[in-house]
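J.: For the record, in the sequence shown the residue sitting at position 88 is 105 according to our numbering, with numbers rising by one throughout.
For each residue, glycine too, the CB sits at the ideal point set by N, CA and C.
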Amino acid sequence: MAIITCHIPGPTTDIATSKYLTFHQDHDHFFVTEYNRTHLNYWIPLVKPSRSEAGLRLVPWDRLAEKSPRLFNLCRRTGASSLHSLRDGGTLYLSDWSGVHYHEENLEIEEVMETPEVGPGDLLLLRVNTIHATQTTDDRRLAVSLRTCDPETPIDWHRVAGSSTMAMMQRLGGFKGNPAPNKLFSPAFQATQENDFGITLGDLMPTLTGERE
Ligand SMILES: O=C(O)CCC(=O)C(=O)O
Ligand SMILES: [Fe+2]
């Protein structure tokens, strides 16, 4: 297993903007490698006000399958999506990868989700595409999120180049309000082009870790 990214979701970064408060499947890894069952998220709180506060809200896969086989199928081998509770009931699924939208009338996400009680040093081990959201924007919480994957996983940039959703374009080139190119996508894109669109995540590691320019 290679650690692909180490990410500190915290109040000084994205939590301040609350973008993680919406239920979602993460984007970056799915855009680079597509779904891969070895892709895992090791989420470890380091500082937390209590076991029941400022945690991670999760949608268990078995409960999702029971309530909405269709949403389960839409989500299980993909990523890069968000799920929104609608005021009049039901859940709206939006895929930032395919553009697919689906309104599931039979699922209230608040009813199926769980917020595991964890304290500093505990580990939540999740498939990277598990649907999740931040519990609160409480700035007394600090966590680390290690994202790992089999280094043999191929990067097939053709699928990225073939997609034109706004979310994808923004990740490739930077965007208004955040003009810096994405730290994962830019090197991945460059290295892929330089290697005839045939590299693996492992090939990319020296670039991502700074061992190679
Ligand atoms: O630590 C959290 O609250 C989760 C933030 C998030 O969605 C992520 O890191 O992908
Ligand atoms: Fe996330």
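From R68, Y52 and S102, pick the residue whose C-alpha is nearest to that of L91; which is it?
T.: By 1-based counting over the sequence shown, the position of residue 91 is 74. When only C-alpha atoms are compared, the closest one is Y52.
J.: What residue range is occupied by the uninterrupted beta strand (DSSP E) comprising M61?
T.: For the purposes of this step, residue 61 is taken as residue 44 along the sequence shown, with counting starting at 1. According to the sequence provided, residue 61 is Ile. The question's Met does not apply to it. Where I61 is concerned, the enclosing beta strand (DSSP E) stretches over L57 to V64.
J.: Pairing CB atoms from the region 61-76 with CB atoms from the region 135-145, are three or more of them under 8 Å?
T.: yes
J.: For L81, which option in L225, F89 and L159 has the closest C-alpha, if you only look at C-alpha atoms?
T.: Position 64 of the sequence shown, counted from the first residue, corresponds to residue 81. Closest option to L81, Cα to Cα, is F89.
J.: Could you check which residue in L218, S69 and H24 has the C-alpha nearest to that of T153?
T.: Walking along the sequence shown from the start, residue 153 turns up at place 136. Of L218, S69 and H24, the residue nearest in Cα terms is S69.
J.: Straight-line CA distance for D155 to H149?
T.: Sequence index remark: in the sequence shown, residue 155 carries index 138 (1-based). Sequence index remark: in the sequence shown, residue 149 carries index 132 (1-based). Rounded to the nearest whole angstrom, the C-alpha separation of D155 and H149 is 17 Å.
J.: Distance check for S102 and H118, CA to CA, integer angstroms please.
T.: Taking the first residue of the sequence shown as 1, we reach residue 118 at position 101. Taking the first residue of the sequence shown as 1, we reach residue 102 at position 85. H118 and S102: Cα-Cα distance of roughly 13 Å.
J.: Check whether the Cβ of P26 sits closer than 6 Å to any heavy atom of ligand 1, and report yes or no.
T.: As a working note, residue 26 is residue 9 in the sequence shown. Yes, since a heavy atom of ligand 1 falls inside the 6 Å radius drawn around the Cβ of P26.
J.: By the three-class DSSP mapping on this structure, what secondary structure does I216 have?
T.: Stepping through the sequence shown from its first residue, residue 216 is reached at position 199. DSSP places I216 in strand when its eight states are reduced to three.
J.: Hey, out of F206, G227 and T170, whose CA is closest to T55's CA?
T.: Locating residue 55 in the sequence shown gives position 38, where the first residue counts as 1. Looking only at F206, G227 and T170, the smallest Cα-Cα distance to T55 is reached by T170.
J.: Once DSSP output is grouped into helix, strand and coil, what is the label at T224?
T.: As a first step, residue 224 must be located in the sequence shown, where it is residue number 207. Correct three-state label for T224: helix.
J.: Closer than 6 Å: is that where the CB of D113 sits relative to any heavy atom of ligand 4?
T.: Annotation note on ligand 4: not contained in the displayed structure, which lists ligand 1 and ligand 2 as its ligands.
J.: What residues are listed by DSSP as bridge partners for Q42?
T.: Looking up residue 42 in the sequence shown gives position 25. Partner(s): S98.
J.: Our contact map puts I172 next to F40 with C-beta atoms below 8 Å; I'd like the distance itself, whole angstroms only.
T.: Sequence index remark: in the sequence shown, residue 172 carries index 155 (1-based). Sequence index remark: in the sequence shown, residue 40 carries index 23 (1-based). That belief does not hold up - the Cβ atoms of I172 and F40 are roughly 27 Å apart, past 8 Å.
J.: Give a single yes or no on whether D155 has its beta carbon closer than 6 Å to a heavy atom of ligand 2.
T.: The residue given as residue 155 occupies position 138 in the sequence shown. No - ligand 2 has no heavy atom lying nearer than 6 Å to the Cβ of D155.
J.: From what residue to what residue does the alpha helix (DSSP H) around T209 run?
T.: Along the sequence shown, read from residue 1 onward, the residue named residue 209 stands at position 192. It spans F202 to E211 - the alpha helix (DSSP H) in which T209 sits, taken as one unbroken run.
J.: Using a Cβ-based criterion (distance less than 6 Å to any ligand heavy atom), does T165 qualify as near ligand 1?
T.: On the sequence shown, residue 165 is found 148 positions in, with the first residue counted as 1. No - ligand 1 has no heavy atom lying nearer than 6 Å to the Cβ of T165.
J.: Which runs of the alpha helix (DSSP H) spanning at least 4 residues fall entirely within the region 118-178, listed in chain order?
T.: Listed in chain order, the complete alpha helix (DSSP H) runs (minimum 4 residues) inside the region 118-178 are 126-129 and 174-178.
J.: Is E131 near P77, with beta carbons less than 7 Å apart?
T.: In the sequence shown, the residue the question calls residue 131 occupies position 114. In the sequence shown, the residue the question calls residue 77 occupies position 60. Cβ atoms of E131 and P77: closer than 7 Å.
J.: Which of the three DSSP states is assigned to L81 in this structure?
T.: By one-based count along the sequence shown, residue 81 stands at place 64. L81: helix per DSSP, three-state reduction.
J.: Given 6 Å as the limit, tell me if D43 has its C-beta closer than that to any heavy atom belonging to ligand 1.
T.: Here residue 43 refers to the residue found at position 26 when the sequence shown is read from its first residue. Result yes, Cβ under 6 Å from ligand 1.
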